[in-house]
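Numbering (the UniProt record's numbering), first residue to last: 8 to 318. For every residue, glycine included, the Cβ atom is placed at its ideal position computed from N, Cα and C. Here's the structure, in structure tokens; my notes come after.
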Amino acid sequence: LKSVEKKFAAKSAWFQSKQFVHAVNGVSFELNERETIGIVGESGCGKSTTGRCVLRLIEPTSGEVIFQGKDITKLNKNEINQIRKNIQMVFQDPMASMNPKLTIREILSEPLIAHKIPRSEHEKLLSETVKLVGLSENYLARFPHEMSGGQRQRIGIARAIILKPKIVILDEPVSALDVSVQSQILNLLQDLQEELGLSYLFISHDLGVVEHVAHRVGVMYLGEMVEIANKEELFENPLHPYTKALISAIPKTDPDEVKERITLKGELPSPSNPPTGCKFHPRCIFAQDICKTSKPEIREVEGRKVACHLV
Ligand code: SF4
Ligand code: MG
């Protein structure tokens, strides 16, 4: 970003009057075959930006995204189209991500046409895929508004898997749905993962949802990854103070379970003017003097990764 800033700054007063946000900075993680990594954090922490960078819907200014040995950030348009066949995305609001004038048949045909799948194979793929997501072929003739929210999200998922991708990026896939429908969709995603051997990058602000589906979890705060761990370890023994606070805020169903609730101080700081040192220090109940001046790097601790001076 620095080089872009310099290039424009000299020319434009408008540019100088603008503030710039490093929406994502220094985030690094791996996603294995058939694995779900959950990315959690408050809104504005850079979860969606991270997901979009993987698909190059947003061009990262630096860094690498390695898929099957190739750095996606260095591919040309043609090559990136090939990759997109293997990495698909499901969005939060299926209604907003579908053209309301198209039937489900037309919506699901779009990726087939875009990736030049022979016409003769379309019908089979369409009927196979709607059945895979738990709907019948009758739905192909419907319009998005003739379906419930849950059914529409099934179509959103069908559109993502129709090309048999390796990775599906799920950006808050159940946040817009009723709680009863959420679990149906989460179960469907788990079934599809097993059946099709998918890897998921599961983005959510809801830790309960992530606990249900993820194998590993990455916690983001103000554009940075602060902790990455196996789900069980993270939920049973969170190491980073921010993770501790998030997990202590999950409502428990067992009234006898005694739980210490960690309340965060203050509001999420503006990403355009982040705090110095550890970005979490103004809200951290464990903050020391060093936290205000020195940024903790993410490092391995007992087989997981965490960015905190005290861990
Ligand atoms: Fe809190 Fe300091 Fe750790 Fe940051 S580095 S999370 S301020 S204890
Ligand atoms: Mg988002």
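On the three-state DSSP scale, how would you describe residue i?
i, result
"V188", "helix"
"Q160", "helix"
"N145", "helix"
"S55", "helix"
"R112", "helix"
"I176", "strand"
"E274", "coil"
"E201", "helix"
"R166", "helix"
"T290", "The sequence given here has Arg at residue 290, not Thr. Helix at R290."
"I65", "coil"
"E153", "helix"
"V305", "For the sequence presented, residue 305 should be read as Ile rather than Val. In the structure shown, I305 sits in coil (DSSP, three-state: anything other than H, G, I, E or B)."
"E71", "coil"
"K81", "helix"
Between residue i and chain B, is the shortest Cβ-Cβ distance under 7 Å, so that the two count as touching?
i, result
"E113", "No chain B appears in this structure, which consists of one protein chain only."
Shortest alpha-carbon distance to residue i belongs to which of the options?
i, options, result
"S69", "G157, T80, G76", "T80"
"G230", "F150, T270, K138, K286", "K286"
"P248", "S211, S116, V220, A294", "A294"
"I120", "Q75, G76, R166", "R166"
"A30", "P276, T43, N93, F74", "P276"
"T300", "I292, T283, S134", "T283"
"residue 351", "L139, S104, M232, D263", "This structure cannot settle anything about residue 351, because the visible part of the chain is limited to 8 through 318."
"I269", "R59, P258, I44", "P258"
"L199", "K138, M227, E218", "K138"
"F242", "D261, H219, Y228, T260", "H219"
"C60", "D296, I73, H122", "I73"
"V318", "L246, L214, V140, R161", "L246"
"P107", "R290, C315, H152, I292", "H152"
"T260", "F36, G215, N237", "G215"
"A252", "S190, I292, V313, V34", "I292"
"K41", "E240, K238, I235, A221", "In the sequence under discussion, the amino acid at residue 41 is Arg, which differs from the Lys named in the question. That would be A221, whose Cα lies nearest to the Cα of R41."
"L195", "Q160, E71, K272, N32", "Q160"
"F150", "K123, I164, M105", "M105"
"S155", "I235, S279, D185, Q197", "D185"
"residue 6", "R223, Y228, G141", "With the chain running from 8 to 318 in the structure shown, residue 6 is simply not present."
"E71", "G48, S35, I90", "S35"
"G51", "S143, V140, P281, L271", "P281"
"R91", "A103, R63, L115, E117", "R63"
"Q95", "V313, Y207, I235", "Y207"
"Q89", "S116, K123, L115", "K123"
Assuming residue i is part of the alpha helix (DSSP H), what are its boundary residues?
i, result
"N93", "84-93"
"K238", "238-243"
"V216", "214-220"
"E37", "No alpha helix (DSSP H) holds E37; DSSP gives it neither H nor E."
"E267", "Per DSSP, E267 belongs to no alpha helix (DSSP H) and is neither H nor E."
"K137", "The amino acid at residue 137 is misidentified as Lys; the sequence shows Val. Per DSSP, V137 belongs to the alpha helix (DSSP H) from 126-139."
"L229", "No alpha helix (DSSP H) contains L229, which DSSP labels as neither H nor E."
"A255", "Inspection of the sequence shows that residue 255 is occupied by Ser rather than by Ala. Note, S255: alpha helix (DSSP H), 248-255."
Tell me where the beta strand (DSSP E) around residue i begins and ends.
i, result
"I44", "43-47"
"K299", "First-last for K299: 296-300, but that is the alpha helix (DSSP H), not the beta strand (DSSP E)."
"I210", "206-211"
"K312", "311-313"
Pull every residue with its beta-carbon under 5 Å away from any heavy atom of the ligand SF4, and keep them in chain order.
-> P248, C285, F287, H288, C291, F293, A294, C298, P303, C315, H316, L317
Three or more beta-carbon pairs under 8 Å between the stretch 171-188 and the stretch 202-213, yes or no?
-> yes
Are the stretch 78-92 and the stretch 105-112 touching by the rule of at least three beta carbon pairs closer than 8 Å?
-> no
With the ligand MG as the reference, list in chain order each residue whose Cβ lies under 7 Å from any of its heavy atoms.
-> S50, K54, S55, D178, E179, I210
Would you call the stretch 176-184 and the stretch 93-103 in contact, with 3 or more CB pairs under 8 Å?
-> yes
Would the stretch 301-315 and the stretch 49-58 be scored as touching if the rule is three or more Cβ pairs under 8 Å?
-> no
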